[in-house]
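Visitor: In UniProt numbering, the protein residues as written are 1 to 734.
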């Protein structure tokens, strides 16, 4: 039985990831119910028109739809204008309202646009009009919220709420702020799929909206968006040239179309502006036009920087007295002499030591850190790591650009960017095309670029393989570091060097340990090993690494088991579900931040501890996490919703997330059940995070040799426009 009623939700009884159980009361107080809401969650205390379906036998209801009650607002504009607008008293305010009512604000808006209606000048002096104009500019959003809801807005609210598109509605309100339009009608006339391809709204939301307003399932706009979506998914694996047949296979599968229809539609796409098809070595490939433009821009800017007049540095006198090797000195001097250079080497070869002396040299030449030059990394943990080693400030790229993620626009009007002459970027293998292009565009006066990284590590998540491919550019001078300086970790070094060469590595008991366990006890024994190492050397010096969160041997299960072993008695903070498994967060849990919060100086990959939380009766309202970096503690308070979306348990994390970090004890799962994700670079990256002990955990059912060799044979071929552009431009430059 479906019931329609007007009322409000006044209490959350229980909630999880994208669901909540509410107390609901009708407007007349005669009807009260416990209501389950999934996917889209209503706000407390706001009045809605709701549809409820009774769950027979449970005395609860399921929320089918909810639409905010739309009421006309009655505003005393005489009182508002006389009290808030300079130079206008009660008498003049009455005269304005009697003559124009709330239309005064539309007339002021027209005046700002240089459309000058005569009636304003009949009512007011020029000075009073200017005061009204300035008040409207300063308080536009407040005034618009006070104005009566237009018919267009009423239509928008009903349409988007009834179709569970509330998130899209909120975005469209912001995108079209100040414009009173009916979104259904507007996007019937304008390509709705641009919301996905240009504004980064999730594809599923945009596609649902498009079909609801009448777009045909096989129309060209939708076809283009599906092609764009498939290319975007493949870009996450680094390639920007995506084989034609791969795109065709995936698009045809999703749209259920024929080969001929696909071919005809692709021919029509040539007149569009989002995807391109090109022929390379007798094969056809798709690319996103926007990505190709970024790749071209990066190469052009690198060439421009290389041709700028070289900065004339006086090298530090402290170099001769330092313990630098000949390799390091060569890299140090070379990176100062060349406008664009790369220093490549694995862990323990002294890259940070070179950064320390480059930093010293720049200061001795009168340049100021975080003004004339910046030392950058892709992640918060990497920044902390380098900062500790050089005893100076190191930023994340996102922090410098003041953006949360690579889809945000950078405000390049800031004078801060114009002053930057030099950039030193470490852990560059983790930098993709999208973020590097934004960085180069922001730093328009850049004269000197020094890049450091490990070409053998995993490439970035997202488009491009920049470090490996920039080494191929003739004017980019590359210096390789091979000498290993950590004598107490030589066995670990030999292990990951063997992996790099595709050889079978050697184990050494006590330093590089091999644990072969039956899968029935593998998670249990891994948990015991973590607890043992933690008790010996501290939890801050111990980590589990694995390729994935999924499955019986994935990180969700491992984190749950480790938590149960070392933090079982702590107070429960919050429950959620991921990958079909329950996760319970507790006080004292170690957690990891999963996305950038630039305004809070907390970044993707930062690790912290749950230290506090607040509850309203049975519902968790806020959770506080302590993050400690460089001896400084930062306390960040999350809402329950933010916490679920942004935080994960961190006794174990993925190799990708821990890239750019190092720790004393690594427990690394190298299992045949993860073989679809294992490759040489992933194993090399995971193994090279360890400083004191590397503990390889595998299944007794499949020999480690077999798992390693299978991983070595896997080739992750990365094809990019950047490669082609290098070959093309090298002919011009030479």
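C-beta: ideal position from N, C-alpha, C; glycine also.
Between the stretch 187-203 and the stretch 218-231, do three or more beta carbon pairs fall short of 8 Å?
Guide: Counting Cβ pairs under 8 Å, three or more are found: they touch.
Visitor: Does the stretch 20-34 come within contact of the stretch 2-10, defined as at least 3 CB pairs closer than 8 Å?
Guide: Counting Cβ pairs under 8 Å, three or more are found: they touch.
Visitor: Whose CA, out of 189, 233, 652, lies closest to the CA of residue 221?
Guide: Here the question's residue 221 lines up with position 221 in the chain shown. Nearest option by C-alpha distance: 189.
Visitor: Can you grab the Cα-Cα spacing for the pair residue 452 / residue 418, in whole Å?
Guide: Here residue 452 corresponds to residue number 452 of the chain shown, with the count starting at 1. Here residue 418 corresponds to residue number 418 of the chain shown, with the count starting at 1. Near 23 Å, if we compare the C-alpha coordinates of residue 418 and residue 452.
Visitor: With three or more beta-carbon pairs closer than 8 Å as the criterion, would you say the stretch 391-399 touches the stretch 361-372?
Guide: These segments touch.
Visitor: Could you tell me the boundaries of the beta strand (DSSP E) in which residue 461 lies?
Guide: For this step, residue 461 is matched to residue 461 along the chain shown. Run containing residue 461: none; DSSP gives neither H nor E here.
Visitor: Excluding five sequence neighbours on each side, which residues of the same chain lie with their C-beta closer than 8 Å to the C-beta of residue 164?
Guide: The residue you call residue 164 lines up with position 164 of the chain shown. Taken in chain order, the residues that qualify are 39, 40, 65.
Visitor: Could you work out which residue in 352, 236, 416 is closest to residue 400 when comparing CA atoms only?
Guide: Looking up residue 400 in the chain shown gives position 400. Looking at the Cα atoms, 416 is the closest of the given residues.
Visitor: Is it buried or exposed, residue 688, if we count other Cβ atoms within 10 angstroms and call 16 or more buried?
Guide: The residue you call residue 688 lines up with position 688 of the chain shown. Buried.
Visitor: Report yes if the CB atom of residue 308 is closer than 8 Å to the CB atom of residue 475, and no otherwise.
Guide: On the chain shown, residue 308 is found 308 positions in, with the first residue counted as 1. On the chain shown, residue 475 is found 475 positions in, with the first residue counted as 1. It is not a contact, given that the beta carbons lie outside the stated cut-off.
Visitor: Please confirm whether residue 695 and residue 515 have their CB atoms less than 8 Å apart.
Guide: Within the chain shown, residue 695 is the residue found at index 695, counting from 1. Within the chain shown, residue 515 is the residue found at index 515, counting from 1. Going by C-beta atoms, residue 695 is nearer than 8 Å to residue 515.
Visitor: Just to confirm my understanding: we take residue 421, look at its own chain, exclude 5 residues before and 5 after, and list those with CB closer than 8 Å. What are they?
Guide: By 1-based counting over the chain shown, the position of residue 421 is 421. Contacts found: 311, 367, 372, 373, 445, 446, 447, 448.
Visitor: Looking only at its own chain, which residues have a Cβ that is under 6 Å from the Cβ of residue 674, when we skip the five neighbours before and after it?
Guide: On the chain shown, position 674 is the one that residue 674 refers to. Counting only Cβ-Cβ distances below 6 Å, and skipping sequence neighbours, we find 547.
Visitor: Could you tell me how far apart the beta carbons of residue 424 and residue 471 are, in whole angstroms, since I believe they sit closer than 8 Å?
Guide: Residue numbering aside, residue 424 sits at position 424 when the chain shown is read from its first letter. Residue numbering aside, residue 471 sits at position 471 when the chain shown is read from its first letter. Not really, about 17 Å apart at Cβ, beyond 8 Å.
Visitor: Would you tell me roughly how many angstroms separate the C-alpha atoms of residue 559 and residue 299, rounded to the nearest one?
Guide: Along the chain shown, read from residue 1 onward, the residue named residue 559 stands at position 559. Along the chain shown, read from residue 1 onward, the residue named residue 299 stands at position 299. In a straight line, the C-alpha of residue 559 is about 43 Å away from that of residue 299.
Visitor: Taking the continuous beta strand (DSSP E) assigned at residue 546, which residues delimit it?
Guide: Translated into the one-based positions of the chain shown, residue 546 becomes position 546. 542-546 is the extent of the beta strand (DSSP E) around residue 546.
Visitor: Hey, quick one: how far does the beta strand (DSSP E) through residue 55 stretch, first residue to last?
Guide: The count along the chain shown starts at 1 and reaches residue 55 at position 55. That run of the beta strand (DSSP E) goes 47-55.
Visitor: Using a threshold of 8 Å, state whether the C-beta atoms of residue 132 and residue 85 are closer than that.
Guide: The count along the chain shown starts at 1 and reaches residue 132 at position 132. The count along the chain shown starts at 1 and reaches residue 85 at position 85. Taking 8 Å as the Cβ cut-off, residue 132 and residue 85 qualify as a contacting pair.
Visitor: If you draw a straight line from the C-alpha of residue 139 to the C-alpha of residue 614, how long is it?
Guide: The residue labelled residue 139 in the question sits at position 139 within the chain shown. The residue labelled residue 614 in the question sits at position 614 within the chain shown. Cα-Cα distance, rounded: 35 Å.
Visitor: Express the C-alpha separation of residue 503 and residue 685 in angstroms, rounding to a whole number.
Guide: Mapped onto the chain shown, residue 685 falls at position 685. Mapped onto the chain shown, residue 503 falls at position 503. If I take the Cα positions, the gap works out to 15 Å.
Visitor: Tell me where the beta strand (DSSP E) around residue 633 begins and ends.
Guide: Residue mapping note: residue 633 aligns to position 633 of the chain shown, counting from 1. Segment 632-639, the beta strand (DSSP E) holding residue 633.
Visitor: How many angstroms separate the CA atom of residue 554 from the CA atom of residue 565?
Guide: Position 554 of the chain shown, counted from the first residue, corresponds to residue 554. Position 565 of the chain shown, counted from the first residue, corresponds to residue 565. Those two C-alpha atoms are separated by around 17 Å.
Visitor: With 16 other CB atoms within 10 Å as the buried threshold, where does residue 668 fall?
Guide: Stepping through the chain shown from its first residue, residue 668 is reached at position 668. Per the 10 Å Cβ criterion, buried.
Visitor: Are the beta-carbon atoms belonging to residue 653 and residue 584 less than 8 Å from one another?
Guide: Within the chain shown, residue 653 is the residue found at index 653, counting from 1. Within the chain shown, residue 584 is the residue found at index 584, counting from 1. Their beta carbons are not under 8 Å apart, which means residue 653 does not touch residue 584 by this criterion.
Visitor: What does DSSP give as the partner residues of residue 448 in its beta bridges?
Guide: Counting from 1 along the chain shown, the entry for residue 448 is found at position 448. Beta-bridge pairing links residue 448 to 422.
Visitor: Which first and last residues belong to the alpha helix (DSSP H) in which residue 233 is found?
Guide: As a working mapping, residue 233 is identified with position 233 in the chain shown. Its alpha helix (DSSP H) spans residues 220-235.
Visitor: From the DSSP output, read off the bridge partner residues of residue 582.
Guide: Taking the first residue of the chain shown as position 1, residue 582 is located at position 582. Beta-bridge pairing links residue 582 to 577.
Visitor: Can you find the residues in the same chain that come closer than 8 Å, C-beta to C-beta, to residue 357, ignoring five residues on each side of it along the sequence?
Guide: Counting from 1 along the chain shown, the entry for residue 357 is found at position 357. These residues qualify, in order along the chain: 316, 318, 319, 322, 324, 332.
Visitor: For the beta strand (DSSP E) that contains residue 272, what are its first and last residues?
Guide: To locate residue 272, count along the chain shown from 1; it is residue 272. Residue 272 -> no beta strand (DSSP E), and no H or E assigned at all.
Visitor: Pairing CB atoms from the stretch 95-111 with CB atoms from the stretch 152-167, are three or more of them under 8 Å?
Guide: Taking 8 Å as the limit for Cβ pairs, the verdict is that the stretch 152-167 does not touch the stretch 95-111.
Visitor: For the beta strand (DSSP E) containing residue 109, name the first residue and the last one.
Guide: Taking the chain shown and counting its residues from 1, the one referred to as residue 109 is at position 109. Taken as a continuous stretch (DSSP letters only), residue 109 belongs to no beta strand (DSSP E), being part of the alpha helix (DSSP H) at 103-112.
Visitor: Helix, strand or coil, according to DSSP, for residue 370 in the structure here?
Guide: Locating residue 370 in the chain shown gives position 370, counting from the first residue. Of the three classes helix, strand and coil, the one that applies to residue 370 here is coil, per DSSP.
Visitor: Got a sec, what are the start and stop residues for the alpha helix (DSSP H) residue 684 sits in?
Guide: Indexing the chain shown from 1 puts residue 684 at position 684. Note, residue 684: alpha helix (DSSP H), 680-687.
Visitor: Do you know whose CA, among 336, 330, 82, lies nearest residue 314's CA?
Guide: Along the chain shown, one-based indexing puts residue 314 at 314. Nearest of 336, 330, 82 to residue 314, Cα basis: 336.
Visitor: Counting only runs of 3+ residues fully inside the stretch 277-301, write out the beta strand (DSSP E) ranges in chain order.
Guide: Whole beta strand (DSSP E) segments, 3+ residues: 283-288.
Visitor: In whole angstroms, what separates the C-alpha of residue 411 from that of residue 79?
Guide: In the chain shown, residue 411 corresponds to position 411, counting from 1. In the chain shown, residue 79 corresponds to position 79, counting from 1. Between residue 411 and residue 79, the C-alpha separation is close to 39 Å.
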